[in-house]
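First to last, the sequence lines map onto chains A and B.
Mapping of the first sequence onto the numbering used here: residues 50 to 348, in sequence order.
Mapping of the second sequence onto the numbering used here: residues 252 to 527, in sequence order.
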Amino acid sequence: MSKSFLSVEGLAKRFPAPKGGKPLTVFEHVNFTVEKGEFVCIIGHSGCGKSTILNVLAGLDEASEGAVIMGGREVKGPSLDRGVVFQNYSLLPWLSALKNVTFAVRARHPDWRREKVTAHAYRHLEMVGISDGAEHRKPSQLSGGMRQRVSIARAFATQPELLLLDEPFGALDALTRGVIQDELLKVWGETHQTVFMITHDVDEAIYLADRILLMTNGPFAQVAESVEISLPRPRSRDAIVEDPRYYRIRNHLVHFLARRSKEMSGERRREPGARPTTVRFDAEGEPPAGGPRLYAVND
Amino acid sequence: MTMPLRLQAAILSLALLAVGLLAWEAAVPRQTLATELTELELLMGMGAQRAGVPPPSAVFERAVTMLSDPFYVRGPNDKGIGVQLAYSIWRVLAGYGLAALIALPLGFLIGMSPLAYRALDPFIQVLRPISPLAWMPLALFIIRDSQASAIFVIFICSIWPMLINTAFGVAGVRKDWLNVARTHELGALRTAFTVILPAAAPTIITGMRISIGIAWLVIVAAEMLVGGTGIGYFVWNEWNNLDLTSVIFAILVIGVVGMALDAFFGAVQRAVSFSE
Ligand SMILES: Nc1ncnc2c1ncn2[C@@H]1O[C@H](COP(=O)(O)OP(=O)(O)OP(=O)(O)O)[C@@H](O)[C@H]1O
Ligand SMILES: [Mg+2]
């Protein structure tokens, strides 16, 4: 447990009471770990605090209680070791796509020569398919999908140990989404970085992740389950749906979101130190190990 | 019949100019020009009644003579229009430059620190609405130098828009962009120069553009008060000479220089602007 690459211990976020209201506990007793090189997605209903957790991991926000420990050290403040891809891309609009990436590379490697910085930036832009002049355009002159790619290139170019993605594909159409998901997987495969990603899309999570964390609804949200996606890699979209595990995993996730996330929510439902229950679906129709039981969507 | 809009507008502008000038020319009876009065008539005060507005042709002739030798100096009250303009522009740039030197860093501070904002806001709110010319007597008394007083008045009138816009622009930098700086571990200085400054630049330049416009408005009035040199003094002096032709020409020159100053900042504004 303490050997994990990233470990989140007893995290809670509370907001003081507004005038005439009650104090708000967005989430509490959030404990989970992420191993090095793992691709972890987190799913939960809107407002349960996913972005807050991600911002705490990034060091941009502070938790009310608990700690985040990465590589044996407590996370305090932002660091280049944790790259963030923001939901709204957050590219600097006065810089070209290329300059946005060199901005990051220069921050990471202040001692590099200009040519080296540019070459490094070009390589990462090419990885996500931004080339042939598009790299010289300003973000406002790029499509949403291209901006998102630039933003991913910027994050990967600083070679962070942990990559944090907040609904990176939320604003994209299905086709572009698929292309960039594949690019993300490719870059992740090449760099062996650790990825923590928020998504609302169950299929996206199954396609990408090694493990999916499920959050109950807020207030007093918690990370209730950790679903292992044992589908073999490399995955292809049409092959994974043939896998018998695929729909069982999918049903489990959809059912959690549709019903159990609400049933399990509420104050003091879990012990402070409780870890998320591990749910694993093995190849041949066995019940999920450790999980309570498998629910069907129309249960 | 599909002329570009710009061309249509230019043709219309020229037509309006021509019509205006012709109407003006036609409305002015030739013989009542102040410049054509004799010394005696002027001394007898007849000029005051008879001197009319000169026609555009006279103004044009005056423009040609004045612009053909703009930099002569023949005594304190007889300097070329170029020399007078240079005085005014120098004062504006000096006062404006000093104001920028103080307003930009201070505006940055106010924009970044809520404490500084709250502490300085009452002063700004009280000082800002004061007409710059109201400072003139105080400035003359304390500084005891008319030249420096004029510069001070420019300073005080151009500092507010720059200060307020800088503070506003800096305070309004999107949190996301600051977070980008933070996740890249930029220091305070690098954040200021590589993120906050470019993000706030359009707002800051807008403030600087407003300031230069006000400064140019104020310098004419200030120079009328302090006298000696400058385009404002020139206008006042020619008015006392009842040389309306020169007054009108000077008014046009003031307009053109003001437009040039504004166009310069307009170009800078376009250069630093960005769309999201
Ligand atoms: N300053 C604040 N004061 C009070 N409550 C806040 C404040 N900021 C955020 N919250 C609450 O924190 C909760 C979690 O917000 P967060 O953005 O982390 O949700 P999320 O899970 O990312 O939602 P979404 O999926 O919609 O992005 C929300 O319910 C919100 O109401
Ligand atoms: Mg969110």
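The beta-carbon is built from N, C-alpha and C at its ideal position, and this holds for glycine as well.
Here DSSP, grouped into helix, strand and coil, assigns S275/A to strand. Residue pairing by DSSP places S56/A opposite T82/A, I118/A in a beta bridge.
Judged by beta-carbon spacing, F500/B lies within the 8 Å limit of V310/B, meaning their Cβ atoms are closer than that value. Contact between L355/B and T417/B holds, since their C-beta atoms are separated by about 6 Å, short of 8 Å.
With respect to the C-alpha of L391/B, the residue from I375/B, G358/B, L476/B, P321/B having the closest C-alpha is L476/B. The beta carbon of I353/B sits closer than 7 Å to the beta carbons of I410 from its chain, once the five residues preceding and following it are set aside; these are given in chain order. When distances are taken from the beta-carbon of S100/A to the heavy atoms of ligand 2, the shortest one is below 7 Å.
A distance criterion of 7 Å places the beta-carbon of C90/A beyond contact range of ligand 1, judged by its closest non-hydrogen atom. Just so you know, the alpha carbons of Q520/B and A451/B end up roughly 11 Å apart.
Between M459/B and M413/B the beta-carbon gap is near 6 Å, inside 8 Å, which marks them as a contact. For T253/B, there is no enclosing alpha helix (DSSP H), since its DSSP letter is neither H nor E.
In summary, Q190/A is exposed, with fewer than 16 beta-carbon neighbours lying within 10 Å of its beta-carbon over all protein chains present. With distances taken between CA atoms, P217/A lies nearest to V244/A out of V244/A, A206/A, E114/A, P142/A. Taking C-beta atoms as the reference points, S339/B and G483/B count as a pair closer than 8 Å. Interface annotation for the stretch 154-176 of chain A against chain B: A156, criterion Cβ-Cβ distance under 7 Å.
When DSSP states are grouped into helix, strand and coil, F245/A belongs to the strand group.
With a threshold of 8 Å between beta carbons, R460/B makes no contact with chain A. Using a CB distance cut-off of 8 Å, S308/B does not count as an interface residue toward chain A.
F64/A has L73/A as its beta-bridge partners, per DSSP. What A107/A touches in chain B, judged by beta-carbon distance under 7 Å, is T434, going in chain order. Residue pairing by DSSP places T316/B opposite no residue, since no beta bridge is assigned to it. Of the heavy atoms belonging to ligand 1, at least one sits nearer than 7 Å to the Cβ of F64/A.
Taking 8 Å as the CB threshold, N80/A stays off the interface with chain B. If you check the C-beta of C97/A against ligand 1, you find a heavy atom less than 7 Å away.
In the DSSP annotation of this structure, the continuous segment of the beta strand (DSSP E) that includes D215/A starts and ends at 211-215.
Contact between the stretch 258-273 of chain A and the stretch 221-234 of chain A is absent, with fewer than three C-beta pairs closer than 8 Å. Proximity of chain B to S189/A at the Cβ level (cut-off 8 Å) is accounted for by F525, S526, E527, in chain order. Taking 7 Å as the cut-off, the C-beta of G267/A counts as close to a heavy atom of ligand 1.
Checking the 7 Å criterion, the Cβ of L73/A is within range of a heavy atom belonging to ligand 1.
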